[in-house]
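Since the structure comes first, as structure tokens, the remarks are kept for the end.
Number of protein chains: 4
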Amino acid sequence: MKVLIDFTIIPLGVGVSLSPYVARCHEIFEKRKITSTLHANGTNLEGEWDDVMGAIKECHELIHQTGVPRIASIIKVGTRTDRSQTMDDKIKSVNSKLHRA
Amino acid sequence: MKVLIDFTIIPLGVGVSLSPYVARCHEIFEKRKITSTLHANGTNLEGEWDDVMGAIKECHELIHQTGVPRIASIIKVGTRTDRSQTMDDKIKSVNSKLHRA
Amino acid sequence: MKVLIDFTIIPLGVGVSLSPYVARCHEIFEKRKITSTLHANGTNLEGEWDDVMGAIKECHELIHQTGVPRIASIIKVGTRTDRSQTMDDKIKSVNSKLHRA
Amino acid sequence: MKVLIDFTIIPLGVGVSLSPYVARCHEIFEKRKITSTLHANGTNLEGEWDDVMGAIKECHELIHQTGVPRIASIIKVGTRTDRSQTMDDKIKSVNSKLHRA
Chain A
1 MKVLIDFTII PLGVGVSLSP YVARCHEIFE KRKITSTLHA NGTNLEGEWD DVMGAIKECH
61 ELIHQTGVPR IASIIKVGTR TDRSQTMDDK IKSVNSKLHR A
Chain B
102 MKVLIDFTII PLGVGVSLSP YVARCHEIFE KRKITSTLHA NGTNLEGEWD DVMGAIKECH
162 ELIHQTGVPR IASIIKVGTR TDRSQTMDDK IKSVNSKLHR A
Chain C
203 MKVLIDFTII PLGVGVSLSP YVARCHEIFE KRKITSTLHA NGTNLEGEWD DVMGAIKECH
263 ELIHQTGVPR IASIIKVGTR TDRSQTMDDK IKSVNSKLHR A
Chain D
304 MKVLIDFTII PLGVGVSLSP YVARCHEIFE KRKITSTLHA NGTNLEGEWD DVMGAIKECH
364 ELIHQTGVPR IASIIKVGTR TDRSQTMDDK IKSVNSKLHR A
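If you're matching them up, the sequences are chains A, B, C and D in order. Residue numbering for the first sequence follows my numbering, starting at 1 and increasing by one per position. Residue numbering for the second sequence follows my numbering, starting at 102 and increasing by one per position. Residue numbering for the third sequence follows my numbering, starting at 203 and increasing by one per position. Residue numbering for the fourth sequence follows my numbering, starting at 304 and increasing by one per position.
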């Protein structure tokens, strides 16, 4: 089962600067060869369910190992069986429908 | 790694009545003995990461098998290493701090 | 426009104990007479769009005023025009479909 | 109060193709001059709280007016008082911390 995911990680108890932790997660995604795209409020991920969810689990585990006591994260999941659709397809589909002069 | 999760499933392409699908997920949670509490906008789940995430995956798979072509879901995740905390603990902790006359 | 909302607030830069802040939000909801139900991973809110969103805004503002430098929150929104539905209706609808022996 | 938001809209009861509705929302954001960036699983928005939330409300209202009976949406909110930060700042901050060869 393929999945498109938007993942946001929020480490708690470590101050207000979260970008070092987001960067650690991206290194996991790269190491595991998960297709990922960073945006301003999270990271889009694309792949097989187990691969993507496994990477997210490693991200929680690794960040705890660096001494972070509590983590909140938000995983927005999309699965579909009617057709294959990539992250790029979704963006193109919206853009094609914008009534721009 | 223990996890507290708030899970919301939104089947698409099947009209506006979603409760039959939420009920199917709850049957999976019960079968797998995942501690779960239904609320008005989702289901709280408590357990080991792999157990809870495995149940959520089965939920997506089962609902697709019933003919639903597309599913969106939202998984709010909480993990912590500083102490053990149940769903009940979290609710009691807030209630103890309400300044009620 | 009526709205059913699941609201989760995550203050950052204040350590790992978040329940005092959740309690402050609940006092706002009570003061503004917003129907609210606390659960383990957030608070369900019910009312007119402007009333509920106004209370959420006051919650962000008040928590910043107590010295919290950064806040993340998650607002899951439901609106419908086909029929009126309360938070209780949603829970009853799922429970009625559970195949319990 | 400035806000950075990630907004995802999920119209229900209208089949599996959601991009026309996302496009309608983007037209509202452009009309109202809200800074917005589309990504594969939502739209990032930046501006004053009331401006951004007002645009999201109009988005729900407009989509209902086109005949959509039920809408779910997810609003991830970020506010901070310690410093000003744009969407671009957040992305640059993560990228600067990636240990890329």
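Glycine included, every Cβ here is placed at the ideal spot set by N, Cα and C. Keep in mind it's a predicted model, so treat the numbers as computed, not measured.
{"query": "Interface residues of the region 39 to 59 of chain A facing chain B [CB-CB below 7 Å]", "result": "Trp49, Met53 and Lys57"}
{"query": "One or two residues paired with Pro112 (chain B) in a DSSP bridge", "result": "B:Ile172"}
{"query": "Beta-carbon separation (whole angstroms), Asp309 (chain D) vs Gly42 (chain A), contact threshold 8 Å", "result": "6 Å"}
{"query": "Close-in-space but distant-in-sequence residues of the same chain around Val325 (chain D) (CB under 8 Å, 5 per side omitted)", "result": "Ile312, Leu341 and Thr346"}
{"query": "Residue-level contact to chain D via CB, Ala202 (chain B), 7 Å cutoff", "result": "Because Ala202 (chain B) carries a pLDDT of 46, less than 50, the predicted location of this residue cannot be relied on, and the following value inherits that uncertainty. Taking Cβ atoms only, chain D never reaches closer than 7 Å to Ala202 (chain B), which makes this a no."}
{"query": "Cβ-heavy atom distance, Glu248 (chain C) to the ligand HEM, below 6 Å", "result": "Although the ligand HEM was asked about, the structure shown includes no ligands whatsoever."}
{"query": "Alpha-carbon spacing of Ile192 (chain B) relative to Ala242 (chain C), whole angstroms", "result": "5 Å"}
{"query": "Cα-Cα separation, Cys59 (chain A) to Arg285 (chain C)", "result": "42 Å"}
{"query": "Proximity to Phe332 (chain D) [Cα-Cα], best of D:Glu351, D:Lys400, D:Leu315 and D:Pro314", "result": "D:Glu351"}
{"query": "Those residues which DSSP pairs with Arg226 (chain C) across a bridge", "result": "BP columns for Arg226 (chain C) are empty, so no partner."}
{"query": "Below-7 Å beta-carbon distance, Pro20 (chain A) vs any chain D residue", "result": "yes"}
{"query": "C-beta contact flag for Ile236 (chain C) and Leu220 (chain C) at 7 Å", "result": "no"}
{"query": "Where Met154 (chain B) falls, given that 16 or more other Cβ within 10 Å makes a residue buried", "result": "buried"}
{"query": "Residue span of the beta strand (DSSP E) that contains His99 (chain A), given as start and end", "result": "No beta strand (DSSP E) holds His99 (chain A); DSSP gives it neither H nor E."}
{"query": "Closest Cα partner of Lys128 (chain B) within the set B:Thr182, B:Val117 and B:Leu163", "result": "Sequence inspection shows Glu at residue 128 (chain B); the Lys mentioned does not correspond to that position. Of the candidates B:Thr182, B:Val117 and B:Leu163, the one whose C-alpha sits nearest the C-alpha of Glu128 (chain B) is B:Leu163."}
{"query": "Beta carbon proximity, Gly280 (chain C) to chain A, threshold 7 Å", "result": "no"}
{"query": "Per DSSP, cross-strand counterpart(s) of Leu146 (chain B)", "result": "B:Ile106 and B:Ser137"}
{"query": "Own chain, CB closer than 6 Å to Ala156 (chain B), minus 5 neighbours either side, in chain order", "result": "Ile129, Phe130, Arg133 and Ile135"}
{"query": "For Gln267 (chain C) and Ser396 (chain D), the rounded distance between their alpha carbons", "result": "26 Å"}
{"query": "Cutoff 7 Å: Leu214 (chain C) Cβ touching any chain A Cβ", "result": "yes"}
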